[in-house]
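Engineer:
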Amino acid sequence: MKKETLEKYKKLVDDICSDDSGADMPYDDFLKKWALKLYSIILNDREETFKKILKQLRN
């Protein structure tokens, strides 16, 4: 994944996951982690990574 694309997406995820007061919610880190993983799958179309993430989500 291109670094500038990743940085742009991280900012988008940060904006979406933070509330209006700017305070982080306890689940924000979890959401950010999975949002970035899913985005990397979409960009790279990596089936194996997608399968691994689905397995992790089931556990």
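Note that our numbering has the sequence shown beginning at -2, numbered continuously upward. Glycine is no exception: its CB is placed at the ideal position from the N, C-alpha and C atoms.
Could you tell me the alpha carbon to alpha carbon distance between residue 26 and residue 41, rounded to whole angstroms?
Structural biologist: C-alpha separation (whole angstroms): 23 Å.
Engineer: So, residue 38 versus residue 47, is the Cβ gap smaller than 7 Å?
Structural biologist: Taking 7 Å as the Cβ cut-off, residue 38 and residue 47 qualify as a contacting pair.
Engineer: Measure the beta-carbon distance from residue 33 to residue 7 and round it to whole angstroms, keeping in mind my assumption that it falls under 8 Å.
Structural biologist: Yes, residue 33 and residue 7 are in contact; Cβ-Cβ is about 7 Å, under 8 Å.
Engineer: How many angstroms separate the CA atom of residue 4 from the CA atom of residue 10?
Structural biologist: Taking the straight line from one Cα to the other gives about 10 Å.
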